[in-house]
Ligand code: PMP
């Protein structure tokens, strides 16, 4: 889909994946006026395809676009575009336990100008790729590195939207985590450097207690954290399953001490790519610690399983699957 200030949205089309010619002065390249989404389509038991919460992703793209002064795409056009692509590409998805179709919508300023003003010609496109689960089909606890040097988001910045530049600035921190033999970065707040915000490109949950006394705690959406669709889904699903939930700040010290006393029993991360992934080991400049016994806990396992069942059409509540292809 193309957008110009004069014509609005126009020229929808479906094309084979092909290279685009970018003029060297493309606005999106120089000034980063680009936002994106990431969502998945799954094979349902009757062989149809289901998209997970496309309207929620469409609304988040709108929020991202507003923040970056990009044109706002109506949610029905967003859903129509991803639906059309999934219909065309469904045959690419072979049967396989961990496989799904990952969809990458992108919205960027495509006009050629070095003037520092919002693009007047923009483009929205969606790509599809067959993908495995982020961490493979099995649930493997991830090891995380507490990043004390840089911040992903600053108050008043772009942390709460899916802005391309947020990811470029986090490369260095991810390299540092990799050098420490860790999978993901723990992002702390920019001001006090102690409040936990996110884990790499995932939101994070802490489980206090166990059994029917368990309580799930996740940092609140304070303007710096990306409002993950999986985070929102897990909060709702936890409610359906009878777990209490709480949105409040939690510091690195509380995390470390809580694991030491056994008050924190499980920690997991959530995201479209990762689903629900347990956190095993935590490393930082001064201390290392382990969550529980380092293995996936029962609540993490239950949430992981129930979310997968919804996405594969084996559980119908909450009703989050948007059916794409009709069964012939
Ligand atoms: N935080 C960040 C920074 C992310 O990039 C993502 C992935 N979109 C998430 C959290 C998780 O969001 P979602 O559950 O919508 O994939």
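In the UniProt record's numbering, the protein residues as written are 32 to 359.
We put the beta carbon where it would ideally sit given N, CA and C, even for glycine.
For residue j and residue i, the rounded distance between their alpha carbons
i: residue 64; j: residue 172; result: 35 Å
i: residue 43; j: residue 180; result: 44 Å
i: residue 252; j: residue 291; result: 27 Å
i: residue 404; j: residue 102; result: This structure cannot speak to residue 404, because the chain is shown only from 32 to 359.
i: residue 235; j: residue 110; result: 27 Å
i: residue 284; j: residue 300; result: 18 Å
i: residue 337; j: residue 120; result: 26 Å
i: residue 224; j: residue 150; result: 35 Å
i: residue 347; j: residue 353; result: 11 Å
i: residue 202; j: residue 231; result: 10 Å
i: residue 350; j: residue 268; result: 11 Å
i: residue 322; j: residue 249; result: 16 Å
i: residue 80; j: residue 115; result: 12 Å
i: residue 170; j: residue 310; result: 10 Å
i: residue 340; j: residue 82; result: 13 Å
i: residue 263; j: residue 66; result: 20 Å
i: residue 278; j: residue 96; result: 26 Å
Collapsed DSSP secondary structure at residue i in the structure displayed
i: residue 349; result: coil
i: residue 322; result: coil
i: residue 337; result: helix
i: residue 289; result: helix
i: residue 64; result: coil
i: residue 267; result: helix
i: residue 122; result: helix
i: residue 57; result: strand
i: residue 202; result: helix
i: residue 129; result: coil
i: residue 113; result: helix
i: residue 108; result: helix
i: residue 251; result: coil
i: residue 152; result: strand
i: residue 91; result: helix
i: residue 173; result: strand
Rounded Cβ spacing between residue i and residue j (contact assumed at less than 8 Å)
i: residue 320; j: residue 282; result: Actually they are not in contact, since the Cβ atoms of residue 320 and residue 282 sit about 14 Å apart, beyond 8 Å.
i: residue 314; j: residue 176; result: 5 Å
i: residue 75; j: residue 344; result: 4 Å
i: residue 131; j: residue 72; result: 7 Å
i: residue 70; j: residue 88; result: 5 Å
beta-carbon residue i near the ligand PMP non-hydrogen atom, thresh 7 Å
i: residue 71; result: no
i: residue 178; result: no
i: residue 234; result: yes
i: residue 259; result: yes
i: residue 262; result: yes
i: residue 229; result: yes
i: residue 302; result: yes
Classification of residue i by the beta-carbon crowding that lies within 10 angstroms, buried from 16 upward
i: residue 286; result: buried
i: residue 342; result: buried
i: residue 273; result: exposed
i: residue 190; result: buried
i: residue 335; result: buried
i: residue 213; result: buried
i: residue 160; result: exposed
i: residue 107; result: exposed
i: residue 297; result: buried
Chain B within 8 Å of residue i, Cβ atoms only
i: residue 172; result: Looking at the structure shown, chain B is missing, and only one protein chain is on hand.
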